[in-house]
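Contents: one structure, followed by commentary.
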Amino acid sequence: MATRQTELAGKNAGKLAALPIREQSVSMSNALIRGTQGLSLAEKRLIALAIAKTDSVQARKLISAQRDGWTVRIVAAEYVEAYEVDPSTAYEQLKQGARALLRRTWKTATEGERRGGRVVREGNYFSVIEYCEGEGRVEVKFTPEIAPHLLSLRAQFTTYKLKHAAALRSVYAWRLFECLQSWQSRKCWKVSLAEFHKAMETPTSLRADFGNLRMRVIEPAVKELREKNSMLIEWSAEKTGRKVIGLEFRFEIDPQGRLEL
0 MATRQTELAG KNAGKLAALP IREQSVSMSN ALIRGTQGLS LAEKRLIALA
50 IAKTDSVQAR KLISAQRDGW TVRIVAAEYV EAYEVDPSTA YEQLKQGARA
100 LLRRTWKTAT EGERRGGRVV REGNYFSVIE YCEGEGRVEV KFTPEIAPHL
150 LSLRAQFTTY KLKHAAALRS VYAWRLFECL QSWQSRKCWK VSLAEFHKAM
200 ETPTSLRADF GNLRMRVIEP AVKELREKNS MLIEWSAEKT GRKVIGLEFR
250 FEIDPQGRLE L
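Dropping the structure here:
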C-alpha cells in the first residue's frame, strides 16, 4: 500500500515544488506530537519549516533517508515568507535555531509489547547543521531515528498546512493546536492534568497553581487559536472536590472561517 509521502512524491512532486512554502504540509506521528518536543517558538518554527520541506522527499530517496537521515536546505527568504519576520533578522534566527536544535531531544512513550510497561524512546532531531554566512542559508540533517515519525506514515499521524500554525506567536498555542489536530477525528481531547502539563511542557511554577495555568497557558492559547485559526474551542475542567484533575477540549472548525484541513 502506498504511503502518504510516496504518493505525494511519486505523483505530485512537481506540483508540490511549485506550491508556496506556507501551503506545504507538516506531517508528524501522533506519538511525536503528543510526546516531549522541548522546543521554543523559534525552534518550533524552524523544525516545522524543515518538516514541510521534507513532505516532498522523492519516493526513491525515502529508503536511504530512513536509514541514513536526510538533509534539508532552508534559505532566509523562505523563513521570511513562512513567518513574515523581518528580513534583516531571518538568517540569524535560522542559524540560532539550528544551533539550538542540535542540543534538543524528542521523547515518545508507547505501551510495551511484551511486558506491558511503557517504552520511552529519546533521540535528537538533527545530527549535523551547516550555515553559510554569505548566502543566508542553513542546512540541517535529520537523524534516521526520527524518520519513523516523519516519513512513510501510514496511520496514527497528523497533517496540517504550515500556514495554519505560522501566524501563532505562542509556543503553547502551537502545541495545543497540534494536540487538537491529532484528535481531529473525535473533535474532543480529554486529558489528565498531568498529561496536559507534559504535552504543553509547562514550567514547574505552573504545575501547582491551576489558576495561573489557566491565565498564562490555557486561556491565551485558546484565544489565539480562535482568532487566528478559525477554531471553535470550548474547554472545561474535571474536578475531584475542588481539585482539578483533568481537562476536556471540544473543538471544530468555524464554518464561517477559512481554515482548510
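Sequential numbering from 0 applies to the sequence shown in numbering that gives the first Met the number 0.
By construction, the Cβ of each residue, glycine as well, lies at the ideal position given by its N, Cα and C atoms.
Because the structure is a prediction, the values reported are computed rather than measured.
Exposure of residue i, with buried meaning 16 or more beta-carbon neighbours within 10 Å
{"i": "V137", "result": "buried"}
{"i": "R66", "result": "exposed"}
{"i": "G13", "result": "Residue confidence for G13 is low, a pLDDT of 44 falling below 50, so the modelled location carries little weight; the figure read from the coordinates is stated next. Burial call: exposed."}
{"i": "M214", "result": "exposed"}
{"i": "M0", "result": "Low confidence applies here, because M0 scores a pLDDT of 35, under 50, leaving its location unreliable and the question unanswered by this model."}
{"i": "A89", "result": "buried"}
{"i": "G135", "result": "buried"}
{"i": "A8", "result": "Confidence at A8 is low in this model, with a pLDDT of 41, below 50, so the placement of that residue should be treated as unreliable; the coordinate-derived value is given next. Looking at its Cβ environment, which holds 16 or more other Cβ atoms inside 10 Å, A8 is buried."}
{"i": "S39", "result": "exposed"}
{"i": "V216", "result": "buried"}
{"i": "E247", "result": "exposed"}
{"i": "N228", "result": "buried"}
{"i": "L260", "result": "Because L260 carries a pLDDT of 45, less than 50, the predicted location of this residue cannot be relied on, and no value is offered for it."}
{"i": "E218", "result": "exposed"}
{"i": "R44", "result": "buried"}
{"i": "A16", "result": "Any reading at A16 needs caution, since the residue's pLDDT is 49, under 50, leaving its predicted position unreliable; the model's value is listed next. So A16 ends up on the exposed side."}
{"i": "V118", "result": "exposed"}
{"i": "A207", "result": "exposed"}
{"i": "V139", "result": "buried"}
{"i": "E6", "result": "Any reading at E6 is ruled out, since the residue's pLDDT is 41, under 50, leaving its predicted position unreliable."}
Among the options, the one whose alpha carbon lies nearest that of residue i
{"i": "C187", "options": "F250, V79, G34", "result": "F250"}
{"i": "A236", "options": "K189, C131, R103", "result": "K189"}
{"i": "T70", "options": "E80, F209, I128, E42", "result": "I128"}
{"i": "K106", "options": "G116, L93, R120", "result": "R120"}
{"i": "G96", "options": "G37, T201, A164", "result": "G37"}
{"i": "S151", "options": "A81, T53, K197, R72", "result": "T53"}
{"i": "A198", "options": "G116, T35, A75", "result": "T35"}
{"i": "A309", "options": "R168, A49, K94, A154", "result": "The question about residue 309 has no answer, for the chain in this structure spans 0 to 260."}
{"i": "F125", "options": "V25, A165, C131, E144", "result": "E144"}
{"i": "W182", "options": "E200, L167, T158", "result": "T158"}
{"i": "C131", "options": "I73, V243, R102, I252", "result": "I73"}
{"i": "M230", "options": "F209, I252, V243", "result": "I252"}
{"i": "E77", "options": "V170, A165, L179, S184", "result": "A165"}
{"i": "H196", "options": "S87, G133, V243", "result": "V243"}
{"i": "R103", "options": "A51, D85, H163, A41", "result": "A41"}
{"i": "G133", "options": "R98, E91, H163", "result": "E91"}
{"i": "Q23", "options": "G68, H163, F209", "result": "H163"}
{"i": "E83", "options": "G122, G68, L167", "result": "L167"}
{"i": "L149", "options": "A64, R59, K238", "result": "A64"}
{"i": "T179", "options": "N123, R225, G210", "result": "First, the amino acid is wrong: residue 179 is Leu here, not Thr. For the residues N123, R225, G210, the minimum Cα distance to L179 belongs to R225."}
{"i": "T123", "options": "K238, P86, G68", "result": "Checking the displayed sequence, the identity of residue 123 turns out to be Asn instead of Thr. Selected option, being the one with the closest Cα: G68."}
Whole-number beta carbon distance between residue j and residue i, since they are thought to touch under 8 Å
{"i": "M27", "j": "F141", "result": "The pair is not a contact, with the Cβ atoms about 12 Å apart (cut-off 8 Å)."}
{"i": "E177", "j": "I20", "result": "No, E177 and I20 are not in contact; Cβ-Cβ is about 19 Å, not under 8 Å."}
{"i": "L192", "j": "G245", "result": "6 Å"}
{"i": "A146", "j": "L175", "result": "Wrong, their Cβ atoms sit about 26 Å apart, outside the cutoff."}
{"i": "A172", "j": "E233", "result": "Contact doesn't hold; Cβ gap of about 16 Å is too wide."}
{"i": "L100", "j": "I46", "result": "7 Å"}
{"i": "A75", "j": "L93", "result": "6 Å"}
{"i": "L48", "j": "L161", "result": "7 Å"}
{"i": "T201", "j": "L212", "result": "7 Å"}
{"i": "I349", "j": "V79", "result": "Since the first and last residues shown for the chain are 0 and 260, residue 349 lies out of range."}
Residue(s) in a DSSP beta bridge with residue i
{"i": "A108", "result": "V119"}
{"i": "S181", "result": "In the DSSP output, where bridge partners are listed per residue, S181 has none listed."}
{"i": "G28", "result": "Checking the displayed sequence, the identity of residue 28 turns out to be Ser instead of Gly. S28 is bridged to F156."}
{"i": "I252", "result": "M230"}
{"i": "V190", "result": "L246"}
{"i": "I128", "result": "V139"}
Contact test: residue i Cβ vs the ligand MN heavy atom, cutoff 7 Å
{"i": "W105", "result": "Of the ligands one can find in the structure shown there are none, so the ligand MN has no counterpart to examine."}
Short CB-CB distance (under 8 Å) between residue i and chain C
{"i": "A41", "result": "You won't find chain C in this structure, because it holds only one protein chain."}
Start-end ranges of the alpha helix (DSSP H) lying completely within the region 195-246, minimum 4 residues: 209-212, 218-228
Going along the chain, which unbroken runs of the beta strand (DSSP E) with 3 or more residues stay wholly within the region 30-76? 69-74
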